[in-house]
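Numbering (this note's numbering), first residue to last: 8 to 428.
All remarks here apply to the structure that follows.
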């Protein structure tokens, strides 16, 4: 007898089948027998749940923005089974003590699988953090952003060598900031141009040793793709929003890297096939913080972990992108880059699954689950999951949450290297 059966699911190839799950693993796909619990999926599409390799879960002194509980509820309600927390936290993840405290909090509160990245700073205990179990390092700030200071070329070079020697992945925030007053989204875009991203990406790659494993975060312009030697990600806000599609002083659409023109956004979509990873850069701030005059609204960033897959799945419905592309960019590729096992619809694999609704709805910030209570995608269509199974348990079903199936991901590549030594 199985613990859970998702009956009458539509698989990506169009077949209708039951999915039997026991002890967190898919045991059979086809006709099912008795089970402790059966969820009738009514021929709805079922795909592997996503891995979002770029989120900021806040908590602690920043709990008004987000907590591990609310942030991972948002993830589950958006079809995401794994989140990777970035280290520009308060306090930063530059010591083993800070990391272990955050890992304990996340283990207690998280609804889904999670990993925690280590900080890249001049004083960071890189070897200690690797041993303690950080999943990766960075985002390493090669330009300033909210709660992250730009590093010098010397610190970048020295840190990349130490991280490479540990056989660890490092993720990079690559921008170039031009000084001057900024009062609109267009001015913000000009102050952090795509050309600056390209120059910074090249600089970091030149500073990195040959054995470095680099991943470039939130690339905002397709012109940068050819400059990148390793892996990279694009955020949904750069695919679906532009500064020309809102009012000039909209601080709720202010993020780093900035939104680009509509022409640049469309060029990014035209090059969608070249993008290896889509990651949300979920960066929630309070409504009060974002309601300040443009130059005073210093926290840059937008929430997005709950809306990433619904926006992409709606684009699949509209036939502007393919389902296979979505699965590759939000499941297969991020897990491969991070060195964690990817869920798939095959027996023996981890049961991280999302069953999607029949039709899209309008995105409404008040109906979402992030603590910050707003979304830049207000009114846009999104195809949301009705059920998200995480580690074999229905973490999100029929508008209710259940906790218990998530686990913490730790690095494995570093351990493999130490075993070889």
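Every residue, glycine too, gets a C-beta built ideally from N, C-alpha and C.
Taking C-alpha positions only, residue 382 is separated from residue 224 by approximately 21 angstroms. Residue 147 has its alpha-carbon roughly 8 angstroms from the corresponding atom of residue 157.
The C-alpha of residue 327 lies about 43 angstroms from the C-alpha of residue 165. In the DSSP assignment, residue 147 forms a beta bridge with 179.
The beta carbon of residue 318 lies closer than 6 angstroms to those of 243, 247, 389 in the same chain, with the five residues before and after it left out. The straight-line gap separating the alpha-carbon atoms of residue 301 and residue 294 is approximately 13 angstroms.
At the C-beta level, residue 205 and residue 231 come within 8 angstroms of one another. Only residues of its own chain outside the window of five on either side were considered, and among them 58, 60, 284 have a CB closer than 6 angstroms to the CB of residue 341, listed in chain order. For residue 10, the enclosing beta strand (DSSP E) covers residues 9-17. Non-local C-beta neighbours of residue 252 in its own chain, meaning closer than 7 angstroms and more than five positions away in sequence, comprise 269, ordered along the chain. In the three-state reduction of the DSSP assignment, residue 415 falls in the strand class, which pools E and B. In the same chain as residue 127, and ignoring 5 residues on each side of it, the C-beta atoms closer than 6 angstroms to its own belong to 144, 145, 147, 166, in chain order. DSSP places residue 109 in the uninterrupted alpha helix (DSSP H) bounded by 103-116. In the structure shown, residue 168 falls within a helical segment according to DSSP collapsed to helix, strand and coil. Residue 237 and residue 118 have their alpha carbons spaced roughly 31 angstroms apart. Restricted to the stretch 334-376, the beta strand (DSSP E) segments that are unbroken, complete and at least 3 residues in length are 360-363, listed in chain order.
Residue pairing from DSSP places residue 284 in a beta bridge opposite 240.
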